[in-house]
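Asks: Take this structure first; my questions come after.
Protein chains: 2
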Amino acid sequence: MLPETSVAREAFRFLPSSPCFTLERLGNTRESLIHQLRAGDPRALARVISAVENRTPGWSELLKTLFPHTGHARILGMTGAPGAGKSTLVDQLARHYRKEDRTVGIIAVDPTSPYTGGAILGDRIRMQEHFCDPGIYIRSMATRGSLGGLARATADVTTVLDASGRDLIMIETVGVGQDEIDVVRVADITVVILVPGMGDDVQTIKAGIMEIADIFVINKSDREGAERVEREIRALQSLATRSDRWTPPIVKTIASEGKGIAELAAAIANYESYLQKENLALKRSVQNWQERLIEMLRDAFLEKARAQMSDGEMLRYAAEIAEHRRDPYTLIEQIVENSEPM
Amino acid sequence: MLPETSVAREAFRFLPSSPCFTLERLGNTRESLIHQLRAGDPRALARVISAVENRTPGWSELLKTLFPHTGHARILGMTGAPGAGKSTLVDQLARHYRKEDRTVGIIAVDPTSPYTGGAILGDRIRMQEHFCDPGIYIRSMATRGSLGGLARATADVTTVLDASGRDLIMIETVGVGQDEIDVVRVADITVVILVPGMGDDVQTIKAGIMEIADIFVINKSDREGAERVEREIRALQSLATRSDRWTPPIVKTIASEGKGIAELAAAIANYESYLQKENLALKRSVQNWQERLIEMLRDAFLEKARAQMSDGEMLRYAAEIAEHRRDPYTLIEQIVENSEPM
């Protein structure tokens, strides 16, 4: 009765599966694949990302090998409400950086479900535009791999893009839930994109992402209400001081006309200088890694746990609980303590 | 540099802590507390919910004891975009059920961060209105307890309310992210609330929650664009058939004027009959429990993992990773395999 894309199925997707599809079958040894990736080959990049995303056997060895090559890329998180014009803004910013001859990777986290097929379609349309420029690599990811899967997958793909030598990685996501906040945590710099006229309680959306914004963008700033959005941001900012004493600037853009893009790039560069000057970049990275380690531990233990239980057992337990013949709290305790549930 | 309410801190909140606040200090033995709860005492209800939410020592024993008493309540998930008028609709529906002398519990999952303090304020305002009616119990929950914490906490509070004998439990949440979809999974029946004029790509919001809707509500249906929203729902519905062959009806309401509430209650009753007739209620419950068991396992393993590592160790690992002196993938493998990281 629930759709095919239910969370349980998605969770299984990340578990060790039968090796129906191995790196060797791709016609590459791991060494040669990584060599090609590091040399900038976009096909090698796409293969490694797919292997990591799909948990193809050998994926963790790939990440282990790639990790020491990371740390070069500047990672931008770009988040905002649906309809804020994020894709257009990200594309314009990518174009700007390409003019400076910096290579760009874009990870578009698309909340559209398989129901409407939005992610794939959007990807194709956007890929086409940049088709001739190997300096821009765009990858769409759907939000269906839940249970922390999305944040983890995004972080892993960021690792691959970083190791491939991209100068800038932009992670584009809809900033409305905890998912997105987790995703953006991978970023060095977070840009929150707002738009005038989102309705009465745009506050509700803003509140959750206010805290993670290093830079605010008011896009479609020629629309009525832009001044009001700016006043609201300022009012919320006056309620609390950040521990790093940074006051996020507000940049007005009209992304569809390319207006304000240079100003946004300047604001990003300015915050980068601030991070360097105050020696905050490493501090932030340490904090992010503390949180990511917890997530990674959780996921790893879940995989271990699931590997110990067959689908049939899980179904039987669920049925017993649904019929109130078994209490789930005791069951979980028993499994975690590694004793046999009775 | 990140706010105080960072995910890691929230994760720690759920871990076994020093018993600074035990059930005994509340002046109740577990048995008498549960007896009072089952007799309908709202103070006992509030205490048990707090104990479960705050993971007060003894919380899991409480849930184990209460679980066999659950299964009576009908659980409604009410979800929709910010500004859709969910609270008003839920309040009106609660009023409707109270007229039929059915007792109601409301869990309002409020996405507003502590930054603006929305949850507490909203709770107080709403509590005041129903203050004289012990047949309505309202509990607000913030979305900050992430890492699955919110979905789990909501499910646990639902267990407590169910065991307390409430006829109906309404879980009200903002339907925009995976969090909310996880929260709503606890429900027997899911109502998705839309509103005209949400902007160009209300599609983005709808797509993710289309799949979980058993009933659609177009609230504020006197506004321009109501017909368009209805057409859009129908168009999306035409793309896929649900495996249970149910076509979610569309109910138009103006909650602020109490219009359409009886029709909504009738639509809910109608779907209930369908579930019973087709013997689908149990099937759905089994499916939900399969997914919840995975979440519970994950959370339990997270607690176990965290208990094995001191904050100091975690900080040291994070710093080594941030400086690229250690690769996180190997570290996690070592911890999960229970070998000593080097």
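Taken in order, these protein sequences are the chains called A and B. Under the working numbering, think of the first position of the first sequence as 1, with each following residue one higher. Under the working numbering, think of the first position of the second sequence as 1001, with each following residue one higher. Glycine is no exception: its CB is placed at the ideal position from the N, C-alpha and C atoms.
Over the uninterrupted beta strand (DSSP E) stretch that includes B/ARG1074, give me the two end residues.
Replies: Reading the second sequence from its first residue, position 74 is the one you call residue 1074 of chain B. Element bounds for B/ARG1074: 1074 to 1080.
Asks: Rounded to whole angstroms, what is the Cα-Cα separation between B/THR1247 and A/ARG43?
Replies: To locate residue 1247 of chain B, count along the second sequence from 1; it is residue 247. To locate residue 43 of chain A, count along the first sequence from 1; it is residue 43. About 44 Å.
Asks: For B/GLY1165, which option in B/ASP1188, B/ILE1136 and B/THR1173 has the closest C-alpha, if you only look at C-alpha atoms?
Replies: Start at 1 with the first residue of the second sequence, and residue 1165 of chain B comes out as number 165. Nearest C-alpha to B/GLY1165: B/ILE1136.
Asks: If contact is defined by three or more beta carbon pairs under 8 Å, each pair taking one atom from either stretch, is the stretch 1150 to 1164 of chain B in contact with the stretch 1261 to 1278 of chain B?
Replies: At 8 Å Cβ cutoff, the stretches do not touch.
Asks: At 3 residues or longer, and completely inside the stretch 1228 to 1254 of chain B: list those beta strand (DSSP E) runs for me, N to C.
Replies: Runs of the beta strand (DSSP E) inside the stretch 1228 to 1254 of chain B: 1250 to 1252.
Asks: With 8 Å set as the bound, which would you pick, yes or no: does the beta-carbon of A/GLY135 sit closer than that to a beta-carbon of chain B?
Replies: What you label residue 135 of chain A is simply residue 135 of the first sequence in a count that begins at 1. Judged by the 8 Å Cβ criterion, A/GLY135 is not in contact with chain B.
Asks: Can you pull the chain A neighbours of B/GLY1071, defined as C-beta to C-beta under 8 Å?
Replies: As a first step, residue 1071 of chain B must be located in the second sequence, where it is residue number 71. Going along chain A in sequence order, the residues near B/GLY1071 (Cβ under 8 Å) are HIS324.
Asks: Helix, strand or coil for A/VAL174 per DSSP?
Replies: Start at 1 with the first residue of the first sequence, and residue 174 of chain A comes out as number 174. DSSP places A/VAL174 in strand when its eight states are reduced to three.
Asks: Let me see if you follow: with CB-CB separation under 8 Å, is A/LEU194 close to chain B or not?
Replies: Residue numbering aside, residue 194 of chain A sits at position 194 when the first sequence is read from its first letter. With 8 Å as the cut-off, A/LEU194 does not count as an interface residue toward chain B.
Asks: Taking C-alpha atoms, which residue in A/GLU224, A/ILE250 and A/ARG223 lies nearest to A/LEU236?
Replies: Taking the first residue of the first sequence as position 1, residue 236 of chain A is located at position 236. The residue with the shortest Cα to Cα distance from A/LEU236 is A/ILE250.
Asks: Return the chain-ordered list of same chain residues with a C-beta closer than 8 Å to the C-beta of A/ARG38, the five sequence neighbours on each side being excluded.
Replies: Taking the first residue of the first sequence as 1, we reach residue 38 of chain A at position 38. The residues are HIS69, ALA163, SER164 and GLY165.
Asks: Taking the C-alpha atoms as reference points, what is the distance between B/GLY1197 and B/ALA1084?
Replies: Here the question's residue 1197 of chain B lines up with position 197 in the second sequence. Here the question's residue 1084 of chain B lines up with position 84 in the second sequence. In a straight line, the C-alpha of B/GLY1197 is about 10 Å away from that of B/ALA1084.
Asks: Going by CA-CA distance only, name the one from B/LYS1064, B/ALA1281 and B/ILE1171 that's closest to B/ARG1030.
Replies: Within the second sequence, numbered from 1, the residue matching residue 1030 of chain B stands at position 30. It is B/LYS1064 whose Cα lies nearest to the Cα of B/ARG1030.
Asks: On the CB-based measure, 16 or more other CB atoms within 10 Å of its CB, does A/ARG228 come out buried or exposed?
Replies: Against the first sequence, residue 228 of chain A aligns to sequence position 228. A/ARG228 comes out exposed.
Asks: Can you tell me whether A/THR241 is buried or exposed, with buried defined as 16 or more other CB within 10 angstroms of its CB?
Replies: One-based indexing of the first sequence puts residue 241 of chain A at position 241. With fewer than 16 other Cβ atoms within 10 Å, it is exposed.
Asks: Which value, in whole angstroms, describes the spacing of the CA atoms of A/ALA153 and A/ILE171?
Replies: Position 153 of the first sequence, counting from 1, holds the residue named residue 153 of chain A. Position 171 of the first sequence, counting from 1, holds the residue named residue 171 of chain A. Their Cα atoms are separated by approximately 12 Å.
Asks: Kindly indicate if chain A contains any beta-carbon less than 8 Å away from that of B/MET1141.
Replies: By 1-based counting over the second sequence, the position of residue 1141 of chain B is 141. Chain A contact via Cβ: absent.
Asks: Nearest to A/HIS287 by alpha carbon, out of A/ARG185, A/GLY58, A/LEU93 and A/LEU62?
Replies: Taking the first sequence and counting its residues from 1, one reaches residue 287 of chain A at position 287. His is not the amino acid found at residue 287 of chain A; the sequence shown has Gln there. Checking every option, the nearest Cα to that of A/GLN287 belongs to A/ARG185.
Asks: Find out if the Cβ-Cβ distance for the pair A/ALA94, A/ILE107 is shorter than 8 Å.
Replies: In the first sequence, counting from the first residue as 1, residue 94 of chain A sits at position 94. In the first sequence, counting from the first residue as 1, residue 107 of chain A sits at position 107. Taking 8 Å as the Cβ cut-off, A/ALA94 and A/ILE107 do not qualify as a contacting pair.
Asks: Quick one: grab the DSSP three-state call for A/ARG314.
Replies: Locating residue 314 of chain A in the first sequence gives position 314, where the first residue counts as 1. In the sequence on display, residue 314 of chain A carries Met and not Arg. Correct three-state label for A/MET314: helix.
Asks: Return the bridge partner residues of A/ALA108 from the DSSP annotation.
Replies: As a first step, residue 108 of chain A is located in the first sequence; it is residue number 108 there, counting from the start. Bridge partners of A/ALA108: A/SER140 and A/GLU172.
Asks: Kindly list the residues whose CB is nearer than 6 Å to the CB of B/GLY1431, restricted to its own chain and excluding five residues on each side of it in sequence; keep chain order.
Replies: In this structure chain B extends from 1001 to 1342, so residue 1431 of chain B is not present and cannot be described.
Asks: Secondary structure at B/ILE1034, three-state DSSP: helix, strand or coil?
Replies: Locating residue 1034 of chain B in the second sequence gives position 34, counting from the first residue. It is helical.
Asks: Take the Cβ of A/ASP311 as the centre, count every other Cβ of all protein chains shown within 10 Å, and call the residue buried at 16 or more, exposed below.
Replies: Within the first sequence, residue 311 of chain A is the residue found at index 311, counting from 1. Result: exposed.
Asks: Suppose contacts are defined by Cβ-Cβ distances below 8 Å. Is A/ALA73 in contact with A/ILE169 by that definition?
Replies: Your numbering for residue 73 of chain A matches position 73 in the first sequence. Your numbering for residue 169 of chain A matches position 169 in the first sequence. Yes, these two residues count as a Cβ contact at 8 Å.
Asks: So, does the CB of A/LEU161 fall closer than 8 Å to a CB anywhere in chain E?
Replies: The structure shown contains no chain E; its protein chains are A and B.
Asks: Quick one, are the C-beta atoms of B/ASN1270 and B/LEU1089 less than 8 Å apart?
Replies: Position 270 of the second sequence, counted from the start, is the residue given in the question as residue 1270 of chain B. Position 89 of the second sequence, counted from the start, is the residue given in the question as residue 1089 of chain B. Not in contact: B/ASN1270 and B/LEU1089 (Cβ atoms no closer than 8 Å).
Asks: Decide if B/LYS1252 is buried, meaning its Cβ has at least 16 other Cβ atoms within 10 Å, or exposed.
Replies: Against the second sequence, residue 1252 of chain B aligns to sequence position 252. Buried.
Asks: Only counting the same chain, and skipping five residues up and downstream in sequence, which positions put a Cβ closer than 6 Å to that of B/ILE1332?
Replies: Numbered from its first residue, the second sequence carries residue 1332 of chain B at position 332. Within the same chain, B/ILE1332 has no close Cβ partners at all.
Asks: Please check the pair B/GLN1290 and A/MET314, which I expect to be a contact at CB under 8 Å, by giving their CB distance rounded to whole angstroms.
Replies: As a working note, residue 1290 of chain B is residue 290 in the second sequence. As a working note, residue 314 of chain A is residue 314 in the first sequence. About 6 Å separates the two Cβ atoms, so the contact holds.
Asks: Please report the Cβ distance between B/LEU976 and A/LEU302, rounded to the nearest whole angstrom; I am assuming they are in contact, meaning their Cβ atoms lie under 8 Å.
Replies: Absent from the model: residue 976 of chain B. The displayed extent of chain B is 1001 to 1342, so no value can be given.
Asks: For chain B, is any of its Cβ atoms less than 8 Å away from the one on A/PRO249?
Replies: Counting from one through the first sequence, the residue named residue 249 of chain A turns up at place 249. False, the Cβ-Cβ gap to chain B never drops below 8 Å.
Asks: Taking the CB atoms as reference points, tell me whether A/ALA51 and A/GLY40 lie closer together than 8 Å.
Replies: One-based indexing of the first sequence puts residue 51 of chain A at position 51. One-based indexing of the first sequence puts residue 40 of chain A at position 40. Contact flag unset, no.
Asks: Let me see if you follow: with CB-CB separation under 8 Å, is A/GLN368 close to chain B or not?
Replies: No information on residue 368 of chain A is available, as it lies outside the stretch 1 to 342 that chain A covers here.
Asks: The stretch 284 to 303 of chain A: which residues have C-beta closer than 9 Å to a C-beta of chain B, in chain order?
Replies: Those residues of the stretch 284 to 303 of chain A that come within reach of chain B (Cβ to Cβ, closer than 9 Å) are ARG284, SER285, VAL286, GLN287, ASN288, TRP289, GLN290, GLU291, ARG292, LEU293, ILE294, GLU295, MET296, LEU297, ARG298, ASP299, ALA300, PHE301, LEU302 and GLU303.
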